Amino acid sequence: MYRSHVLVCGGTGCTSSGSQQIIDVLKKEIKAAGLENEIEVVKTGCFGLCALGPIMIVYPEGTFYSMVQEKDIPEIVSEHLVKGRIVSRLVYDETVTENGIKSLQDTAFYSKQHRVALRNCGVISPENIEEYIGTGGYEALGKVLTEMTPEEVIQTILDSGLRGRGGGGFPTGMKWKLARNIVPDADQKYVCCNADEGDPGAFMDRSVLEGDPHVVLEAMAIAGYAIGANQGYIYVRAEYPIAVKRLEIAINQAREYGMLGKDIFGTGFDFDIGLRLGAGAFVCGEETALMTSIEGNRGEPRPRPPFPAEKGLFQKPTILNNVETYANIPQIILKGADWFASMGTEKSKGTKVFALGGKIKNTGLVEIPMGTTLRTVIEEIGGGIPNGKKFKAAQTGGPSGGCIPAEHYDIPIDYDNLISIGSMMGSGGLIVMDEDNCMVDIAKFFLAFTVDESCGKCTPCRIGTKRLYEMLDKITKGQGTLEDLDKIEELCYYIKNNSLCGLGQTAPNPVLSTLRYFRDEYVAHVVDKTCPAGVCKDLLKYNIDPDKCRGCTLCARKCPASAISGTVKQPHVIDQDKCVKCGACMETCKFGAISKN
Amino acid sequence: MKSLEELKAIKEKMKSTIDLRHEDPSATKVIVNMGTCGIASGAREVLNAFAEAVAENGITKSVMVSQSGCSGHCENEPVAEVTAPGKEKVIYGNLTPEKAKEIVEKHLIGGTVVEEYKI
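Going down the list, the sequences are from chains A and B. Counted the way the working numbering counts, the first sequence spans residues 1224 to 1820. Counted the way the working numbering counts, the second sequence spans residues 77 to 195.
Printed below as a string of structure tokens:
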């Protein structure tokens, strides 16, 4: 019996800022104070507010401490845990009001969120199956096995309107129905989980696996019952060591408790799950490449049809769902399809998890009902753009998606709206850009990523993306022509229409969407040979305003290329041939005499 | 483990643990003062007695047992304040673990303020 729990975030973000050391010191200090039988220390998954890590919450008070350091621990123990006096200097400032401390649920970051997939992240210990059971875990599996037919399960998922959270947005229930019915006499079927999250800046699935691994296991067993499979595989990237470790622990515990294995709940239903580690190739997030990789071959896509529902893993009927999709399933079974369908928009039901990154104050993980506007996500939940800069665009869907410009700031986020404006939901990475980001440079960045990650099997993707990259590179160096812009567009459509798999078919999206909304920036690079955002180095020029320069010589001494000359107390000049455009002079100048354009 | 009954038993066992981690604004608060004066006169034992009694009676969802610093009633320590939503705060003093258990049963479950321990 513990009267108080101290929850410390053990997600990747907080772990890398030292939460494990904090836990060690905390346990030591609690023992030294003789409180080890009264206060429990729990390592949880991600709380979402990664920007303020390491994060710690003390219950029952619900005190939210942020940016906790090892040296703060003795004070938290002796003041808060022993004497009940909250250490106010460490409390998350959003929770501090004139009348004391308000609940975390009432802060701007949390109040607009609705947690379904993330409901246990930051609440339970992911390494303890009993805590998962305590929150209603494995109840849905019990209900499905004892009270529902497989057809009823599939109908419930269909009625809920749940669509794939990995990016495509295909109705999950439909996928299950196909896999159940398409090959009626199949001797073997498989349930796979795509945990090969690879978009730059996306960490939704990682956080679910790290914070609540059992929910994925439970949902996969439910899916197995629904389609008639008794074997599952989770394909997870080896670059997610914490997720892999917790999955291993979870699978072992589930077997020990009889939630996986033979004759689950005494119903005669068998189901087991194997873990397969991916070596980090982006293309293995594509469903056919993923299954080829599980089979032990080099991860390359294969043509569809046949679709996995007919001939998937080892040529057997297979369903493949993403981690976040699975994380919704047990709640839908327990609370009903109507409950889930009551959230979201007409064609996009439920909630979506987004990883906020880029130029935003509250970097982290949020879960919002579908249909929330981009403005709400960025300005209210995300805390806005730092340093008073202006919002320029948000990139969703990673290298497969596109950007949403300021003119669509108030668009309700759902699958169909995002596609209609040339972006896509993707798995949920949301990178915010301000006026200092060059859109041509952004497109080039994502293209460089796809060039690296193209598996090389088909020509349009292998060579097309490379040529596309070269043309973008030319433009950022000021050597592009207006003709190139037309050629780029033509090549984009060629790659989209002719590539074998989703990687190539979507690779040109970042280019197409920036061309659509920021064509003037491309034109500025081509015609005026300038980069309006001041990012592309080859087009930048640093100048000293002779009226403002006092001749203090600071910049000349700071310049690493000795490109600045002049006599003391006289205006200095920059030798453009020597300048390497590092910007050191501009940072040093105390009189604002140096500008770039 | 195999049966659904056993699953339910584990859920029941974990109830007080999980309840502790949810903030419920409508919960009744029991705050034990844990200043130096309180600790010296046995407030920790009282605090733990409250927490245990609340868990044993299965009312962890509706009652939150917490602590605070000294409230100025040093001569009457250990002191505990019981605040139910919409009701006036009741302050109990000179508590012992036994008295704490009695307050849980009579006041928190039964709904009757234990007048003799009030200060």
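C-beta: ideal position from N, C-alpha, C; glycine also. Just so we're clear, the structure is a prediction, and the values are computed from it rather than from any experiment.
So who's on the other strand from residue 1279/A, going by DSSP bridges?
Residue 1279/A sits at position 56 when you count from the first residue of the first sequence. Partner(s): 1231/A, 1288/A.
Could you run through the segment 1407 to 1435 of chain A and flag, in chain order, every residue whose CB is less than 7 Å away from some CB of chain B?
none
How would you call residue 1695/A, buried or exposed, if buried means at least 16 neighbouring beta carbons within 10 angstroms?
For the purposes of this step, residue 1695/A is taken as residue 472 along the first sequence, with counting starting at 1. So residue 1695/A ends up on the buried side.
One or two residues paired with residue 1495/A in a DSSP bridge:
The residue you call residue 1495/A lines up with position 272 of the first sequence. DSSP lists 1454/A as partners of residue 1495/A.
C-alpha distance - residue 1568/A paired with residue 1332/A, whole-angstrom precision
Within the first sequence, residue 1568/A is the residue found at index 345, counting from 1. Within the first sequence, residue 1332/A is the residue found at index 109, counting from 1. Rounded to the nearest angstrom, the two C-alpha atoms are 22 Å apart.
When DSSP labels each residue in this structure, what does residue 155/B get in the three-state scheme?
One-based indexing of the second sequence puts residue 155/B at position 79. Residue state, collapsed to three classes: coil.
Span separating the alpha-carbon of residue 1720/A from that of residue 1651/A
Here residue 1720/A is taken as the residue at index 497 of the first sequence, counted from 1. Here residue 1651/A is taken as the residue at index 428 of the first sequence, counted from 1. Roughly 24 Å between the two C-alpha positions.
Suppose contacts are defined by Cβ-Cβ distances below 9 Å. Is residue 1509/A in contact with residue 1460/A by that definition?
Locating residue 1509/A in the first sequence gives position 286, where the first residue counts as 1. Locating residue 1460/A in the first sequence gives position 237, where the first residue counts as 1. No; because the gap between Cβ atoms is not below 9 Å, this pair is not in contact.
For residue 1240/A and residue 1607/A, I'd like the C-alpha separation in whole angstroms.
Residue numbering aside, residue 1240/A sits at position 17 when the first sequence is read from its first letter. Residue numbering aside, residue 1607/A sits at position 384 when the first sequence is read from its first letter. Cα-Cα distance, rounded: 24 Å.
Classify residue 1390/A as helix, strand or coil using the three-state DSSP reduction.
Position 167 of the first sequence, counted from the start, is the residue given in the question as residue 1390/A. In this structure, residue 1390/A counts as coil in the three-state DSSP scheme.
If you follow the alpha helix (DSSP H) that residue 1756/A is part of, which residue opens it and which one closes it?
The sequence position of residue 1756/A within the first sequence is 533, counting from 1. Element bounds for residue 1756/A: n/a, residue is neither H nor E.
Does the separation of the CB atoms of residue 160/B and residue 141/B fall below 9 Å?
Position 84 of the second sequence, counting from 1, holds the residue named residue 160/B. Position 65 of the second sequence, counting from 1, holds the residue named residue 141/B. No.
In chain A, which residues lie less than 7 Å from residue 144/B when you measure between Cβ atoms?
What you label residue 144/B is simply residue 68 of the second sequence in a count that begins at 1. Simply 1307.
Chain B partners of residue 1226/A, CB-CB under 7 Å?
Along the first sequence, read from residue 1 onward, the residue named residue 1226/A stands at position 3. In chain order: 123, 124, 127, 141.
Closest to residue 1761/A by CA distance: which of 1656/A, 1768/A, 1699/A, 1375/A is it?
For the purposes of this step, residue 1761/A is identified with residue 538 of the first sequence, where counting begins at 1. The shortest C-alpha separation from residue 1761/A is found at 1699/A.
To which residues does DSSP link residue 1263/A through a beta bridge?
Your numbering for residue 1263/A matches position 40 in the first sequence. DSSP, once it has assigned bridges, lists 1228/A as partnering residue 1263/A.
List the residues of chain B whose Cβ lies closer than 8 Å to the Cβ of residue 1361/A, in chain order.
Here residue 1361/A refers to the residue found at position 138 of the first sequence. Going along chain B in sequence order, the residues near residue 1361/A (Cβ under 8 Å) are 83.
Compare the beta carbon distance of residue 1389/A and residue 1267/A with 9 Å and say whether it is the shorter of the two.
Counted from its first residue, the first sequence places residue 1389/A at position 166. Counted from its first residue, the first sequence places residue 1267/A at position 44. Against a cut-off of 9 Å, the Cβ pair of residue 1267/A and residue 1389/A comes out as no contact.
Report the residues of the segment 1720 to 1749 of chain A with a CB closer than 8 Å to any CB of chain B, ordered along the chain.
none
Against chain B, with Cβ distances strictly below 9 Å, would residue 1283/A count as a contact?
Working through the first sequence from its first residue, we reach residue 1283/A at position 60. Yes, its Cβ sits closer than 9 Å to a Cβ of chain B.
Once DSSP output is grouped into helix, strand and coil, what is the label at residue 1361/A?
Taking the first sequence and counting its residues from 1, one reaches residue 1361/A at position 138. The answer is coil: DSSP assigns residue 1361/A none of H, G, I, E or B.
Within-9 Å CB hit, residue 1768/A to chain B:
For the purposes of this step, residue 1768/A is taken as residue 545 along the first sequence, with counting starting at 1. So no, residue 1768/A is outside the interface.
Are the beta-carbon atoms belonging to residue 144/B and residue 107/B less than 9 Å from one another?
Residue numbering aside, residue 144/B sits at position 68 when the second sequence is read from its first letter. Residue numbering aside, residue 107/B sits at position 31 when the second sequence is read from its first letter. Going by C-beta atoms, residue 144/B is nearer than 9 Å to residue 107/B.
Identify, in the order they occur along the chain, each residue of the same chain with its Cβ nearer than 6 Å to the Cβ of residue 1482/A, setting aside the five sequence neighbours on each side.
Residue mapping note: residue 1482/A aligns to position 259 of the first sequence, counting from 1. Within the same chain, residue 1482/A has close Cβ partners 1361.
Kindly confirm or deny that the segment 117 to 125 of chain B and the segment 82 to 99 of chain B touch, where touching means at least three C-beta pairs closer than 8 Å.
no
N-terminal and C-terminal residue of the beta strand (DSSP E) that residue 1415/A is part of
Taking the first sequence and counting its residues from 1, one reaches residue 1415/A at position 192. Taken as a continuous stretch (DSSP letters only), the beta strand (DSSP E) holding residue 1415/A covers 1413 to 1418.
According to DSSP, simplified to helix, strand and coil, what is residue 1896/A?
For chain A, the structure presents residues 1224 to 1820; residue 1896/A sits outside this window and is missing.
Residue 1403/A versus 1465/A, 1386/A, 1372/A, residue with shortest Cα-Cα distance
Locating residue 1403/A in the first sequence gives position 180, counting from the first residue. Ranking 1465/A, 1386/A, 1372/A by Cα distance to residue 1403/A puts 1372/A first.
Bridge partners for residue 1314/A per DSSP, in chain order?
Position 91 of the first sequence, counted from the start, is the residue given in the question as residue 1314/A. In the DSSP output, where bridge partners are listed per residue, residue 1314/A has 1288/A.
Sequence-distant residues of the same chain with beta carbon closer than 8 Å to residue 1801/A, five excluded per side
Within the first sequence, numbered from 1, the residue matching residue 1801/A stands at position 578. Once the five neighbours on either side are set aside, the close Cβ partners of residue 1801/A are 1784, 1785, 1786.
Around the Cβ of residue 1257/A, are there at least 16 other Cβ atoms within 10 angstroms (buried) or fewer (exposed)?
Numbered from 1 along the first sequence, position 34 holds the residue referred to as residue 1257/A. It is exposed - the Cβ of residue 1257/A has fewer than 16 other Cβ atoms within 10 Å.
In this structure, does DSSP put residue 1396/A in helix, strand or coil?
Position 173 of the first sequence, counted from the start, is the residue given in the question as residue 1396/A. In the structure shown, residue 1396/A sits in a helix (DSSP, three-state: H, G or I).
The alpha helix (DSSP H) spanning residue 1433/A covers which residue range?
Translated into positions along the first sequence, residue 1433/A becomes position 210. 1427 to 1434 is the extent of the alpha helix (DSSP H) around residue 1433/A.
Residues sharing a beta bridge with residue 1309/A, DSSP
The sequence position of residue 1309/A within the first sequence is 86, counting from 1. DSSP, once it has assigned bridges, lists no residue as partnering residue 1309/A.
Applying a beta-carbon distance threshold of less than 8 Å, which residues of chain A neighbour residue 101/B?
Here residue 101/B refers to the residue found at position 25 of the second sequence. Within chain A, the residues near residue 101/B are 1326.
Is residue 1493/A close to chain B? Criterion is C-beta to C-beta, closer than 9 Å.
Along the first sequence, one-based indexing puts residue 1493/A at 270. Chain B, which has no Cβ nearer than 9 Å to the Cβ of residue 1493/A, makes this no.
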